[in-house]
Structures are given as structure tokens and as C-alpha cells.
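Chemist: My questions all concern the structure below.
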Amino acid sequence: MSFRRFIIRRLLYVLPTMILVSIGVFSILQLIPGSPVDVLLPVDADQETRQATIKEFGFDLPLPLQYLRWVSRAVRGDLGHSILLTKPVSTIIAEALPRTIYLALGGMIISLIISFPLGIFAAVKRKTWVDYTAQVSALAGLSLPAFWAALMLMLLFGLKLKWLPVVGYVAPGENFGGFLVHLILPAFTLGLEMVGVQTRMTRSTMLEELNKDYVQTHRSQGLSEGRIVGMYTLKNAMIPTLTVVSLRFAALLGGTAVIESIFAWPGIGQMILNGIQSKDYPVIQGGVLILSVAFIFINLIVDILYKWLDPRIVLE
Amino acid sequence: MSAGREYLVIKDLSVKFYLRAGVLSAVSNVNLTLKTGQTLGVVGESGCGKSVMSRSIMRLNPSPPSKTSGLVLLDGEDVYAKSAKEMRKIRGAKAAMIFQEPMTSLNPVFTIGSQMTAGIREHLKLSKEQANERAVGLLGKVGIPSPAERLKQYPHELSGGMRQRVMLATALSCNPTLLIADEPTTALDVTIQAQILDLLRDTIQTRGMAMILISHNLYVVADACDQICVMYAGRQVELGTSEDIFQHPLHPYAIGLKNSQPKIGHKTEFLDPIQGMVPNMLNVPPGCAFHPRCDQAGAICSTEIPKLEEIRPGHWVACHQVRPQAA
Amino acid sequence: MSAPNTSLLEAAGWKGSAARFFKRLGTGMIRLSESRIALVGLILTLLVVVAAIFAPVLATHDPIKGDYLNINGPSSREHFLGTDNLGRDIWSRLVYGARNAVLVGITVVPAGMFMGILLGAIPGFYGGRLDNIMMRILDAWLAFPGLILFLALLAVLGRGLWQTIVALILGGTPGLVRLTRGLVLSERERDYVKAAKLLGERDLRILFRQVIPNVSSPLIVVSTIRLGGTLLIFAGLTFLGLGPPPPAPSWGLMLNEARSLMETAPMVAVYPGLAIFITVLAVNLLGDGLRDILDPRLAEK
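Structure representation (C-alpha cells):
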């Protein structure tokens, strides 16, 4: 099968999942106790407004039709209007999504910078103090509540040492320096969350690879240990690691809510949270939908990328 | 076979593995000498220490769990006195090794070319183009068709026999004098086996190299080598010319080995296996390790470890029950 | 390695395999004491459980009542860890907060295993259409990234302790279901299953009497390991203001309340976070230890 056909096949496979996801998101509004109209309108709204709203949103239509209506609009980019902010949801998302992506990328990069060398080092120097330290810190990192770490970091760097700003966001377009400075603490906290898992993963993948036969062949060729580990073994270990890292990134997009809340970073997580606090259901639905779709797509891309990278994969 | 200069000298080599389960003596008191132009076959069942011993020539045994004692002289130089950097100069350039499983012994995510030229560029300091040229030439010499295209291919695109040839070409690429072949044909089809063995023999002859061939099959080794060393439970039990050992094996184990292995072209109703099982290397029987399985064992066999004695000129046996004969 | 259940011909009843399982657990417990990691984890976990159970005894003050004359007090003889911004004793609140953690543990873990078997083992064993449908549902379920799933669930369910626990179960299930399904799939191909089928045993019987006891070890191990993450999510949700409403003493909520005090009384923020950290660490250590004992296959994951 050619690569192109493989891609198409994967895309088709994703479709039922997307449909199920959209049904799930749509149901959020329906599952809330009480009729959706009551949710959207204030309690004292008069009959006229209620009728108008029902007509507008189509609540008088049978459920499947309502769903189709919603989906057809969503596909075209119309996710409704925010109750609170009276802006179209898609606009709000368009503003918030990039900010979350910056944060997620920043966190990912920081986490990789720490976990990669640590994991590789721990694998190479197996059963030495380096290894044990790495494993212990990985475990500690896993157990650390992110928001607590955030608060502690804020305390240390923001309040006590006053090196970094504690909250807020500056757009990169406006002031790149300011952007970076504001990005550091939240991204670092996010990264800390992931370092534990990634160090472990890198370590175990490298260990597995280092035990393989070809490493012995390379040694018998007289290649230096540094090259063997850093180039010949690493490339093998990279393939599964990269997949996992990309998948984590996808999951990360959804997991930024807490950090965003603490550091007042106005991303999608914050948006959804605010939506929940204020019962702004169009916003909630829009946000969840976008994130889930993004997740599915990133998974798809990772899948394809993996097949493309590993020369051994034969596309049947 | 006209022998040249002494290239490999192994004196009293012992390799111990310190494991959580105990101390494993993989190799005990092995003595060998190999000259250029000579081929030595090392035979024994799995776990007898032949691979560990061969790896210790190039110091490829992982050093935290293993400890090596004894002397290994390669071209007159003490291998175990070398620094890591010096060791790297030796590996591939003075001695090279090919391994049993060609699929897993080649790096799956690098092209054949890049794997071959890695060593070439390291030892011979050639440019990329020169190294590639050299690789192509070598691939041709080991009998691979369209060698230039192969450089860009990945190991999984080649058949088992071809991969083994690639391994051989890689091993030869920096002109080593000693080639160690650890069960090079075991994972291959029988028809390919013969081809590879012929290739090995020709290569050694043409280049005046020395070779150690390891196998569990006595027939393979008898066919391809001038000298044979039979190992059991980490020790040498018989050593001599392949003709001697093959025609008249003297050690009970070697005799059993010859009788138990199927000979191609020879029909038989029953195979004649050696009684009992290979000992657990963590718990080797006292005295002669073979004595529980030996039908000639005597009282002394369970208490004293037999030493290698020259029973006939050039034919050494480590057995209490075998006495020296007149020539 | 878990040995396969070899009691085919005797068709040992559920008692037999359960007894064997507990025996294995028993020897496992003995081996647990050999692993320092697991031991530390076990002790810490037990400490938390004890704190939760004996909260009324261990607490020095009423966790809800505030002493308005003593706001943000430092640790003193009377208030072991000081007081928070409403004058409530922090130590007592921590100790009562342990109850949430224990509640989450004893509900989410068994519920997850149950769901895993129900939704994962059964479709996995039978295969076919049922399995396909389940996989698609799982994919969709898992498509809701991380915290968002819980937030969405809570948006529907509302806040409160039980709502949060339900959300945790619902959110954590798909992962376990996938795992159980995978395990059952590989067990299905094993010889003892095929032999049982040949002997004419009914499918359901094979599943429950033979296969499930064999997958229970890895299932327990993974459930325990996941508990750590579940507790973290729980703390996160309470931190965000979902979950049991104030003045309930949940650790996450305590952290949130401490945010405004960061400059004036930072220690108020340190203790609840420390409690969360220690508890999660304990559970993780225990899970690692259990894994090393019950199923080394999963090691190095």
C-alpha cells in the first residue's frame, strides 16, 4: 500500500471517533439538569425572550436535528456566542488557543531539556548513583502536585527573590522579552510535571536499546562509546520516545488548565474554567470540542510520522 | 596450512560474572595460541563459555558484572593493559568479530553504507567518498550483487545470508589480522551455511589472516578449521588438529558430541545424545564438570579437576581416564 | 511471571483460584518487606489511612470552626502547624482532609477494576463487533484530553465530593479498560484457554475462572500506580474549586485558599501541598513495589 493510501485510511478511521466526540460535546448542554433554555437565560427572562431563544437555538427541534444543526455550524466555524462575553466563541478560542500552545510548547521544551540527558545518562550509568538519583527524582516529580509546585516556585522566584513576574501574559508580538519572562514560570511548572514520566521513559528505552546486539557490533568496530550511545543507539531509541513525547504534547494541551489558572495565563484551559464558573455553556462546548479535535489530529499526525520515520515499517 | 607469526596468545584466561544469583565462572583457565594463516574452531554446547571467551579477546564482555583474569596478547601486546582509547584502535583494525544473528547485529535504522563506513572512517581516516568506494569494493568481494545499491539499503531489506556477508565485509573493512566468527552460520539456512563457510575460508587464506570459528556443531568446525578446541562448562577439554580430534576424539564429551550430531548425507535411525544435561553454570559439579554425564567416570573425576595433558603430540585432553599413549 | 491456572481438568471453582491468588498475594507481602521502596510506600500509605480513620482522635481542633482571634497564626504549642486565614487549625484540617484521599482510593480503584473487567475483558474476550464498538467508544472517550474531560463531566454533574469521585471513575476508566482488554487479548491466545475451549467449557466460565485471575495481578498493579495520578487529579479539581465545597477540608482547596496569603503567610500554602505530595509519593512507591513483586513483566515501564 502506498503511503498516501495509508494516510487516507487513517483519516477515515478517525472519522467515527470524531463523530462520537462531537456527540459527547453536544450532550454536555443537554445533560445538565433543567432545560437548556434555563441554562442560557437568566431566571427572570420573560416568555418572549424565552420563545425567541428557543427558536434561535432550535431547542424545539428533535434532538438529532439539533445535533446536526450544531455540527453543521461547528464545521463551518460557528460555535455560538459566549453568554458572558457576547463575543463569538470562535473568536475567543482563536485568541486563547495560541497562548495555550505557547505554554505547552514551552513546558515541553523545558521538560525535554531536563529529562532527555537525565534519562540517557541514567541508562548509560546504570545502577550507579546517577541512575538512582534520576529514578528517585523522576518518582518525586511524578508525585508532585503541579499547582503546589507552581505556588512554591511563585513564592521563591516571584515573591522572595523577585526575579520573575508572577502572573500575567504578554503577547510575543508586543514584547518578545516580556513574553518570555512571563512564560518562564508557568512553562517550568508544566515541564516539571512531565519530567518524571519522561525521564523514566527515556531511561527505559535507552536501556532496552543498549542491550541489543547491534551495539556490540558497533563496539567491535572500534567506535567510541560516545558515538555509539549518542548517535547509533539514540536514533533507535528516539522513535518510540518521539511518539510518546508527541502524544504527551497532545494531552498537555488539555492539562494546562490548572497552571493557566494559577499564573493568570489566558489560554484555553482558563477559558473553559471561566466558562464552568459562569455556566457559559457555548464556551465550554467550544473549548472542549476544539481541544478534543486537536488531540485526535495530533494523534493522527504522530501515527503517520512514526510510520514515516521507522524504515522497518512495511505498509501492508 | 603454512603458519606465520604468533598473533594471539591466551594464557590462563578466566572470566567470572558477579551476579545477584551468585558468581558464574564462564571461562576457566583457557590457554590458546594462534598464528596468522591458522584457523581455530571452538566447539561446545550453549553456555560452555565459547562466546564469552571469544569476546574477552577484544574486551567486549560488559565489565561491571564480569571480571577477567589471565593474559591475552594480541600481536604481542597485552590487551588488558590497554586504555579505552587504545582498545578502540585495536577493535576493528587488529581484530574483528562477526556475530550469530545478522538481523539484530546490524543497526536497523542506519543504512548498510553508513554502518560500514563508520569503522572505515574511524580507523583509516578516509573521506566519505573514499570510504564508500572501499565499502562497495568489499561488498563485491564477499559476493554481494549490485554492491553500490546495497549501500543505501537497510538491513531488513536484505536476506539472512546477505546480511552475514555484509557483516563479514564490515569486519574486514579495516584489514584486521584476526577474525573471530561467533556462530556465523547457525542462524542461516543449510545451503547458505556452506557458502558462508567457504567464503570465510577463502578470505582467511587470501589475506593471510587468523580466524577463530565458534560453533556448537563439530562437523562445521572440522570442515572449516585446522585446529579445534572443545569446551565444556567454561573449560577446555580437548585441543588439537581438526583431523585428530575429528577422527579420534579422546575426551568422553568430544566423543559424545561427535556421535550425537547428525551428519548430512548420512542416514541413521536414532540420534545418540549424550546423557544428562548441561550443568547450570552457577552450580558446576565438583571435579570434572562432565563427570555426572560420563560413562567412564571414576572416583577421582568427582574430586579433582583434570588438567590438559598432551596425550599424543599436538593432541591435548583434560580427562583423568585418558592416559598418554605412545605416538 | 504469573503461572497459568493449570486446574483445567479439576475445573477448580472460583474458590480455588481465589485462594491461589491470595496465597500469591501473601508471599508477595513477604517479598514486599524485602523491597525497601515498597516498604516505605506501604508505611506511608498506612500512615495516611490511619490519619484518615482516626482523624477525630488525632485532630486537635474542630477543622471547620475558625478562631477569628488567631488568623494566620504561626505554629505554636496549641496549633501544631498554625492557623489559616479563617483561624482554623491547619493540622486538624490536614488530618481530616486525609479522609478524602482514602475515600478516593477505596472507591476509584475497585470501581476502575470492575469497569475494566466489564468493559474491557468481556468485549476483549469475545471479540468481534462488540469489541470494535467498544474500541471506538474508548478512542472517543480518550480523545478528551486530560483535565478537560473531568471539567466537562463536572460541568454536568455539579460540584461535591461524590460528583468528583464519579467523574474520576468515569474519566479514569477508559485507560483501565484498554489495559484489561489488551491483557485479555493476549491471554486468550494462550494454550490453557484453547484447551479449555476444546474441553467444552463455556466461554464465560473460562473468562471468569481462568483468565481473570491471571490478569488480576497486572490489573492491581496498574490500578495502584494510577491511584497516584488519580489523587493528583482529585487535588487539582478541588484546587480549582470543584469537588467538596468549603468549608470542607480538602487539601487542594486549602491550597487554593492559601493563594491570597502567599506574601503574608506562605507556610499555609506549604503544608497542604506537602500532604498531597507525601500521599501521592507513598502510593506511587507502593505501586512500584507491588509491580516489582506481582508482575516484573511490567517493570521498567
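Protein chains in written order, with this note's numbering: chain A, 6 to 321; chain B, 14 to 340; chain C, 4 to 304. Note that the Cβ used here is the ideal one computed from N, Cα and C, for glycine as well.
Mind pulling the alpha helix (DSSP H) runs of 4 or more residues that sit fully within the stretch 62-128 of chain A?
Modeler: The qualifying runs are 68-80.
Chemist: With a threshold of 7 Å on Cβ separation, who are the neighbours of Met14/B within its own chain once the five nearest residues in sequence on each side are excluded?
Modeler: Here residue 14/B corresponds to residue number 1 of the second sequence, with the count starting at 1. Residue placement at Met14/B cannot be trusted, given a pLDDT of 43 that sits under 50; what the coordinates show is reported in the next sentence. Cβ neighbours of Met14/B beyond the five flanking positions: Gly50, Gln51, Asp239.
Chemist: Would you tell me roughly how many angstroms separate the C-alpha atoms of Val330/B and Cys301/B, rounded to the nearest one?
Modeler: Counted from its first residue, the second sequence places residue 330/B at position 317. Counted from its first residue, the second sequence places residue 301/B at position 288. Cα to Cα, the separation comes out at about 12 Å.
Chemist: Could you tell me whether the Cβ atoms of Lys24/B and Leu84/B are closer together than 8 Å?
Modeler: Taking the first residue of the second sequence as position 1, residue 24/B is located at position 11. Taking the first residue of the second sequence as position 1, residue 84/B is located at position 71. In contact: Lys24/B and Leu84/B (Cβ atoms closer than 8 Å).
Chemist: Flag Glu135/B as yes if its beta-carbon sits less than 8 Å from any beta-carbon of chain A, otherwise no.
Modeler: Within the second sequence, numbered from 1, the residue matching residue 135/B stands at position 122. Yes, its Cβ sits closer than 8 Å to a Cβ of chain A.
Chemist: Contact between the stretch 224-236 of chain A and the stretch 148-156 of chain A is defined here as three or more beta-carbon pairs at a separation below 8 Å; is this criterion met?
Modeler: The answer is no - the stretch 148-156 of chain A does not touch the stretch 224-236 of chain A, with fewer than three Cβ pairs under 8 Å.
Chemist: Looking only at its chain, what residues have a beta carbon closer than 7 Å to the beta carbon of Val94/A, apart from the 5 residues adjacent to it on each side?
Modeler: For this step, residue 94/A is matched to residue 89 along the first sequence. Closer than 7 Å at Cβ, skipping near neighbours: Leu84, Gly85, His86, Ser87, Pro287, Val288, Gly291.
Chemist: So which residues on chain A does Thr382/B lean against when the C-beta distance must stay under 8 Å?
Modeler: Residue numbering for chain B in the displayed model covers 14 to 340; residue 382/B lies beyond these limits and cannot be assessed.
Chemist: Taking 8 Å as the threshold, find out whether the stretch 244-253 of chain A comes into contact with the stretch 143-152 of chain B through three or more Cβ pairs.
Modeler: Result no; under three Cβ-Cβ pairs closer than 8 Å.
Chemist: At a Cβ threshold of 8 Å, is Ser266/A touching chain C?
Modeler: Along the first sequence, one-based indexing puts residue 266/A at 261. Taking Cβ atoms only, chain C reaches closer than 8 Å to Ser266/A, which makes this a yes.
Chemist: Rounded to whole angstroms, what's the CA-CA distance from Arg262/C to Pro191/A? Just pull it up for me.
Modeler: For this step, residue 262/C is matched to residue 259 along the third sequence. For this step, residue 191/A is matched to residue 186 along the first sequence. So the alpha carbons of these two residues sit roughly 16 Å apart.
Chemist: Inspect the CB distances between the stretch 195-206 of chain A and the stretch 87-101 of chain B and report whether three or more fall short of 8 Å.
Modeler: Taking 8 Å as the limit for Cβ pairs, the verdict is that the stretch 87-101 of chain B does not touch the stretch 195-206 of chain A.
Chemist: Excluding five sequence neighbours on each side, which residues of the same chain lie with their C-beta closer than 7 Å to the C-beta of Arg102/C?
Modeler: The count along the third sequence starts at 1 and reaches residue 102/C at position 99. Here the set comprises Ala55, Ala58.
Chemist: Can you tell me which of the three DSSP states Ala223/B falls into?
Modeler: Within the second sequence, numbered from 1, the residue matching residue 223/B stands at position 210. In the structure shown, Ala223/B sits in a strand (DSSP, three-state: E or B).
Chemist: Using CA coordinates, which residue listed in Ile193/B, His136/B, Asn42/B, Ala182/B is at the minimum distance from Tyr20/B?
Modeler: As a position in the second sequence, residue 20/B is number 7, starting the count at 1. Closest by alpha carbon: Ile193/B.
Chemist: Just checking: is the beta-carbon of Gln290/A within a distance shorter than 8 Å of some beta-carbon in chain B?
Modeler: Residue mapping note: residue 290/A aligns to position 285 of the first sequence, counting from 1. Answer no: the Cβ-Cβ gap between Gln290/A and chain B never drops below 8 Å.
Chemist: Alpha carbons only, please: which of Leu26/B, Val36/B, Pro115/B is nearest the one belonging to Met71/B?
Modeler: By 1-based counting over the second sequence, the position of residue 71/B is 58. Ranking Leu26/B, Val36/B, Pro115/B by Cα distance to Met71/B puts Leu26/B first.
Chemist: Looking at Gly232/C and Arg181/C, is the spacing between their C-beta atoms short of 8 Å?
Modeler: The sequence position of residue 181/C within the third sequence is 178, counting from 1. The sequence position of residue 232/C within the third sequence is 229, counting from 1. In this structure, Gly232/C does not lie closer than 8 Å to Arg181/C by Cβ.
Chemist: Anything in chain A within Cβ reach of Asp87/C, meaning under 7 Å, just list it in chain order.
Modeler: Looking up residue 87/C in the third sequence gives position 84. Neighbours of Asp87/C on chain A: none; closest Cβ ~14 Å, over 7 Å.
Chemist: Kindly indicate the opening and closing residues of the alpha helix (DSSP H) around Ser82/B.
Modeler: What you label residue 82/B is simply residue 69 of the second sequence in a count that begins at 1. Taken as a continuous stretch (DSSP letters only), Ser82/B belongs to no alpha helix (DSSP H), being part of the beta strand (DSSP E) at 79-87.
Chemist: What in chain B is Cβ-close to Gly231/A, meaning under 7 Å?
Modeler: In the first sequence, counting from the first residue as 1, residue 231/A sits at position 226. The contacting residues do not exist; Gly231/A stays about 11 Å from chain B at best.
Chemist: Could you list the residues in the stretch 10-32 of chain A with a C-beta less than 7 Å from some C-beta on chain C, going in chain order?
Modeler: The stretch 10-32 of chain A vs chain C, Cβ under 7 Å: Pro21, Thr22, Leu25, Val26, Gly29.
Chemist: Give a yes or no on contact between the stretch 139-148 of chain A and the stretch 257-271 of chain C, applying the rule of three or more CB pairs nearer than 8 Å.
Modeler: No, they do not touch.
Chemist: For the stretch 114-191 of chain B, which segments carrying the alpha helix (DSSP H) assignment without a break, of at least 4 residues, lie completely within its bounds, in sequence order?
Modeler: You should have 115-118, 125-137, 141-154, 160-163, 173-185.
Chemist: Determine which residues share a DSSP beta bridge with Thr194/B and list them.
Modeler: Sequence index remark: in the second sequence, residue 194/B carries index 181 (1-based). According to the sequence as given, residue 194/B is Ala; it is not Thr. Note: Ala194/B sits in a beta bridge opposite Ile111/B, Leu226/B.
Chemist: CB-CB under 6 Å to Thr384/B, same chain, minus the five flanking residues each way: which ones, in chain order?
Modeler: There is simply no residue 384/B to check, as chain B begins at 14 and stops at 340 in what is shown.
Chemist: Which value, in whole angstroms, describes the spacing of the CA atoms of Ile223/C and Met116/C?
Modeler: Translated into positions along the third sequence, residue 223/C becomes position 220. Translated into positions along the third sequence, residue 116/C becomes position 113. Cα-Cα distance, rounded: 8 Å.
Chemist: Closer than 8 Å, CB to CB, is Trp134/A near chain C or not?
Modeler: In the first sequence, residue 134/A corresponds to position 129, counting from 1. For Trp134/A, the answer is no, since every Cβ of chain C falls outside 8 Å of its Cβ.
Chemist: Quick one, which of Leu293/C, Ala278/C, Arg294/C has its alpha-carbon nearest Val51/C's?
Modeler: Walking along the third sequence from the start, residue 51/C turns up at place 48. Here the closest residue by C-alpha is Ala278/C.
Chemist: Roughly how many angstroms lie between the CA atoms of Met129/B and Thr183/B, to the nearest whole one?
Modeler: Position 116 of the second sequence, counted from the start, is the residue given in the question as residue 129/B. Position 170 of the second sequence, counted from the start, is the residue given in the question as residue 183/B. Rounded to whole angstroms, Met129/B to Thr183/B spans 5 Å at the Cα level.
Chemist: Beta-carbon within less than 6 Å of Gln166/C's beta-carbon, same chain only, minus the 5 sequence neighbours each way: which residues are those?
Modeler: The residue you call residue 166/C lines up with position 163 of the third sequence. Excluding positions up to five away in sequence, the list reads Leu160.
Chemist: Between which residues of its own chain and Val155/B is the CB-CB distance below 7 Å, once the five residues before and five after are set aside?
Modeler: Translated into positions along the second sequence, residue 155/B becomes position 142. Excluding sequence neighbours, Val155/B sits near Arg178, Leu181, Ala182, Leu212.
Chemist: Okay, do the stretch 16-27 of chain A and the stretch 49-67 of chain A touch, 3+ Cβ pairs below 8 Å being the bar?
Modeler: In short, these stretches do not touch, since the Cβ pair count stays below three.
Chemist: Please name the residue, chosen from Leu154/C, Met138/C, Leu210/C, Thr63/C, that lies closest to Val187/C on a Cα-to-Cα basis.
Modeler: Position 184 of the third sequence holds residue 187/C. Cα-wise, what sits closest to Val187/C is Leu210/C.
Chemist: Can you list the residues of chain B that Gln140/A reaches, using a CB-CB cut of under 8 Å?
Modeler: As a first step, residue 140/A must be located in the first sequence, where it is residue number 135. Simply none; closest approach about 18 Å.
Chemist: Quick one: is Thr91/A buried, meaning 16 or more other Cβ sit within 10 Å of its Cβ, or exposed?
Modeler: Indexing the first sequence from 1 puts residue 91/A at position 86. Exposed.
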